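*Asks:*
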Ligand SMILES: Nc1ncnc2c1ncn2[C@@H]1O[C@H](COP(=O)(O)OP(=O)(O)OP(=O)(O)O)[C@@H](O)[C@H]1O
Ligand SMILES: [Mg+2]
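Protein chains in written order, with this note's numbering: chain A, 10 to 276; chain B, 10 to 264.
1) Quick one: measure Cβ to Cβ for residue 152 of chain B and residue 160 of chain B, integer angstroms, because I've assumed they're closer than 8 Å.
2) Considering only residues of the same chain and omitting the five flanking positions on each side of residue 106 of chain B, which have a CB-CB separation below 6 Å?
3) CA-CA distance, residue 179 of chain B and residue 197 of chain B?
4) Taking the CB atoms as reference points, tell me whether residue 97 of chain A and residue 59 of chain A lie closer together than 8 Å.
5) Identify every residue that forms a DSSP beta bridge with residue 18 of chain B.
6) Flag residue 52 of chain B as yes when its Cβ comes closer than 7 Å to any non-hydrogen atom of ligand 1, and as no otherwise.
7) Return the chain-ordered list of same chain residues with a C-beta closer than 6 Å to the C-beta of residue 150 of chain A, the five sequence neighbours on each side being excluded.
8) Less than 8 Å between the beta carbons of residue 127 of chain A and residue 159 of chain A, yes or no?
9) Got a sec: does ligand 2 put a non-hydrogen atom nearer than 7 Å to the Cβ of residue 15 of chain B?
10) For residue 133 of chain B and residue 177 of chain B, what's the separation of their Cα atoms in angstroms?
11) What in chain A is Cβ-close to residue 160 of chain B, meaning under 9 Å?
12) From the DSSP output, in three-state form, read off residue 227 of chain A for me.
13) Within 8 Å, do at least three Cβ pairs link the stretch 248-262 of chain B to the stretch 204-214 of chain B?
14) Taking 8 Å as the threshold (beta carbon to beta carbon), is residue 150 of chain B in contact with chain A?
15) What's the C-alpha gap between residue 142 of chain A and residue 134 of chain A?
16) Check whether the stretch 248-268 of chain A touches the stretch 10-19 of chain B, taking contact to mean three or more Cβ pairs, one atom from each stretch, closer than 8 Å.
17) Could you tell me the boundaries of the alpha helix (DSSP H) in which residue 249 of chain A lies?
18) Could you check the C-alpha separation between residue 65 of chain B and residue 28 of chain A for me, to the nearest Å?
19) Helix, strand or coil for residue 224 of chain B, going by three-state DSSP, please let me know.
20) If I measure Cβ to Cβ from residue 272 of chain A and keep anything under 8 Å in the same chain, skipping five residues before and after, which residues do I get?
21) Determine the direct distance from the alpha carbon of residue 118 of chain B to that of residue 135 of chain B, and round the result to whole angstroms.
22) Which value, in whole angstroms, describes the spacing of the CA atoms of residue 80 of chain A and residue 69 of chain A?
23) With C-beta atoms as the reference, is residue 102 of chain A less than 8 Å away from residue 161 of chain A?
24) Please give me, in chain order, every unbroken run of the alpha helix (DSSP H) with length at least 4 that falls completely inside the stretch 110-170 of chain A.
25) According to the neighbour-count rule (16 or more other Cβ atoms, all chains shown, within 10 Å of its Cβ), is residue 50 of chain B buried or exposed?
26) Do you know how far the Cα of residue 107 of chain A is from the Cα of residue 166 of chain A?
27) Could you check if residue 108 of chain B belongs to the surroundings of ligand 1, using beta carbon to heavy atom distance under 7 Å?
28) Output, in sequence order along the chain, the residues in the stretch 157-191 of chain A whose CB is closer than 7 Å to any CB in chain B.
29) Going by CA-CA distance only, name the one from A:111, A:137 and A:74 that's closest to residue 171 of chain A.
30) How big is the Cα-Cα spacing for residue 61 of chain B and residue 259 of chain A?
31) Shorter than 8 Å from the beta carbon of residue 109 of chain B to some beta carbon of chain A?
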């Protein structure tokens, strides 16, 4: 009995989107295309070698560095500073952040201080640190510690603040002790935020270590870049920068792994 | 264990929430508390459970809880309050970990309560993998694990759809039958109240006072939901509540 002359139209699909999903190989492909275009530009002379050396030359510089054995010296110098500074900054920052999250008095005292010190570009303080801790390793480690401390504090106490209060009440209603509540409810609840904080603090640590080495160091990737720059050895400069980028990628990958492992429970 | 609520009043800042509430829940009996939204039912339950301090009045536990009880006053929360990072078994074992039980004892209790709530097959699932009804069963299993003397339930079924709610009500009736629990059951739903309570307390709008108390003497597990006597009680409760509910509605839209 339906009137067949009535126009029937399909309902338009208008949902979808806004849900990024992983697409394999696109990231590396974009990277390869860019490098290939750059190489082609350099070979055909579109990009003058004075402006930007070809990627192959940068690779050459890297190989040279590796063969001479200096690569490991620079890497080891940077990595050890980074690790020492970042680990101590993260541990200290985590503890302070937790204390701010848990105790009103600590929060009242320290939260404004942290807010005031966080935006200072820490590299500006390097001369001070050199005066306090000497020109050697200590000043650089202290700089990284100081630089990673604040984001860690802020992310940690933000995470603690965001822990679902009903879960804490639940713990109390079952008679869980204070330490149990902190360890089994508050810390796991704050973990996603703490891991996000680590993404930020590792990036800051890498930026700071290079900046510190640019200013005052004989060894380290920053020092290598600084020497290359002062000699206008642009291939070495690009090689050094590429190393940093690999650094960053590795760290990012490790945190992503940690997140997948530790936050399996997340919906 | 008998629970005696004596002249309980409470306020948040300038807002009086409870006004002189008295209520006795005898051992082995379930009291249902109904009342309009915001009248202080959850607050009353928090005061009874010791999660908040009353401004005046007191809550008394009369008699010793059973020897084996690990947590005499135990909550079941409306939104389940499961730790998302722990599995079903982990959520239950959480509440046993601070009681100095051996690992084997804990395992035994967890296995037992999961079997009783038909969750044995889901012991390693995370909460996100469970339906609402199952989550609430986990919460019930967790509450049973500490062998409570008194169960405090704040709208435990209101986050569930109506079919699941019916099934869970049957589960609760079974539970009352087996465990001989004392309980306070807060709900919005008069059907739940007449099926699950021995004593039904209607509260007024804020500040909450006891408006009316109705006793239903038939054993809970013998109640037939379609029993006309229950329906009459429910109708009566609804008449008492309706004016309060209306008044709340006017207040909320009024200012
Ligand atoms: N922590 C608090 N601080 C201030 N006011 C509160 C707090 N908790 C509850 N209130 C207020 O106390 C009153 C009673 O709240 P309560 O949650 O006990 O009501 P309820 O009867 O459980 O309501 P509902 O049926 O909606 O769950 C409400 O007006 C609420 O806004
Ligand atoms: Mg409530």
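Every residue, glycine too, gets a C-beta built ideally from N, C-alpha and C. All figures in this text were calculated on a predicted structure; none of them were measured in a lab.
*Replies:* Taking the geometry as given:
1) Residue 152 of chain B sits at position 143 when you count from the first residue of the second chain. Residue 160 of chain B sits at position 151 when you count from the first residue of the second chain. That pair is a contact at about 6 Å.
2) Walking along the second chain from the start, residue 106 of chain B turns up at place 97. The beta carbon of residue 106 of chain B lies closer than 6 Å to none in the same chain, with the five residues before and after it left out.
3) Working through the second chain from its first residue, we reach residue 179 of chain B at position 170. Working through the second chain from its first residue, we reach residue 197 of chain B at position 188. Each residue's CA atom was taken as its position, placing residue 179 of chain B and residue 197 of chain B some 18 Å apart.
4) As a working note, residue 97 of chain A is residue 88 in the first chain. As a working note, residue 59 of chain A is residue 50 in the first chain. Against a cut-off of 8 Å, the Cβ pair of residue 59 of chain A and residue 97 of chain A comes out as no contact.
5) Locating residue 18 of chain B in the second chain gives position 9, where the first residue counts as 1. Under DSSP, the beta-bridge partners assigned to residue 18 of chain B are B:65.
6) Residue numbering aside, residue 52 of chain B sits at position 43 when the second chain is read from its first letter. Yes, Cβ of residue 52 of chain B sits closer than 7 Å to a heavy atom of ligand 1.
7) As a position in the first chain, residue 150 of chain A is number 141, starting the count at 1. Excluding sequence neighbours, residue 150 of chain A sits near 90, 93 and 94.
8) On the first chain, position 118 is the one that residue 127 of chain A refers to. On the first chain, position 150 is the one that residue 159 of chain A refers to. Contact annotation: residue 127 of chain A and residue 159 of chain A have beta-carbon atoms nearer than 8 Å.
9) Reading the second chain from its first residue, position 6 is the one you call residue 15 of chain B. Not so, every heavy atom of ligand 2 lies at least 7 Å from the Cβ.
10) For the purposes of this step, residue 133 of chain B is taken as residue 124 along the second chain, with counting starting at 1. For the purposes of this step, residue 177 of chain B is taken as residue 168 along the second chain, with counting starting at 1. Roughly 22 Å separates the two Cα atoms.
11) Stepping through the second chain from its first residue, residue 160 of chain B is reached at position 151. Near residue 160 of chain B there are no residues of chain A at all, since even the closest Cβ is about 11 Å away, more than 9 Å.
12) Numbered from its first residue, the first chain carries residue 227 of chain A at position 218. Residue 227 of chain A: coil per DSSP, three-state reduction.
13) Output reads yes: the stretch 248-262 of chain B touches the stretch 204-214 of chain B.
14) Here residue 150 of chain B is taken as the residue at index 141 of the second chain, counted from 1. The Cβ of residue 150 of chain B sits no closer than 8 Å to any Cβ of chain A.
15) Counting from one through the first chain, the residue named residue 142 of chain A turns up at place 133. Counting from one through the first chain, the residue named residue 134 of chain A turns up at place 125. About 12 Å.
16) The answer is no - the stretch 10-19 of chain B does not touch the stretch 248-268 of chain A, with fewer than three Cβ pairs under 8 Å.
17) The count along the first chain starts at 1 and reaches residue 249 of chain A at position 240. Boundaries of the alpha helix (DSSP H) around residue 249 of chain A: 243-271.
18) Mapped onto the second chain, residue 65 of chain B falls at position 56. Mapped onto the first chain, residue 28 of chain A falls at position 19. Their backbone Cα atoms lie some 52 Å apart in a straight line.
19) Position 215 of the second chain, counting from 1, holds the residue named residue 224 of chain B. Of the three classes helix, strand and coil, the one that applies to residue 224 of chain B here is strand, per DSSP.
20) The residue you call residue 272 of chain A lines up with position 263 of the first chain. Apart from the 5 residues on each side of it in sequence, residue 272 of chain A sits with its Cβ closer than 8 Å to the Cβ of 200, 201 and 204 in its chain, given in chain order.
21) For the purposes of this step, residue 135 of chain B is taken as the residue at position 126 of the second chain. For the purposes of this step, residue 118 of chain B is taken as the residue at position 109 of the second chain. When rounded, the distance between both Cα atoms is 19 Å.
22) As a first step, residue 80 of chain A is located in the first chain; it is residue number 71 there, counting from the start. As a first step, residue 69 of chain A is located in the first chain; it is residue number 60 there, counting from the start. So the alpha carbons of these two residues sit roughly 13 Å apart.
23) Taking the first residue of the first chain as position 1, residue 102 of chain A is located at position 93. Taking the first residue of the first chain as position 1, residue 161 of chain A is located at position 152. It is a contact, given that the beta carbons lie within the stated cut-off.
24) Fully enclosed alpha helix (DSSP H) runs of no fewer than 4 residues occupy 113-126, 135-142 and 146-170 of the stretch 110-170 of chain A, in order along the chain.
25) As a first step, residue 50 of chain B is located in the second chain; it is residue number 41 there, counting from the start. Note on residue 50 of chain B: 16 or more other CB atoms within 10 angstroms of its CB, so buried under the neighbour-count rule.
26) Reading the first chain from its first residue, position 157 is the one you call residue 166 of chain A. Reading the first chain from its first residue, position 98 is the one you call residue 107 of chain A. Residue 166 of chain A and residue 107 of chain A have their alpha carbons spaced roughly 6 Å apart.
27) For the purposes of this step, residue 108 of chain B is identified with residue 99 of the second chain, where counting begins at 1. False, no ligand heavy atom lies under 7 Å from that Cβ.
28) Only 175, 176, 178, 179, 181, 182, 183, 184, 185, 186 and 189 from the stretch 157-191 of chain A bring a Cβ to less than 7 Å from some Cβ of chain B.
29) Here the question's residue 171 of chain A lines up with position 162 in the first chain. For residue 171 of chain A, the closest alpha carbon among the candidates A:111, A:137 and A:74 is that of A:111.
30) The residue you call residue 61 of chain B lines up with position 52 of the second chain. The residue you call residue 259 of chain A lines up with position 250 of the first chain. When the Cα atoms are used, residue 61 of chain B and residue 259 of chain A turn out to be separated by approximately 49 Å.
31) Walking along the second chain from the start, residue 109 of chain B turns up at place 100. It does not: the Cβ of residue 109 of chain B has no partner Cβ on chain A nearer than 8 Å.
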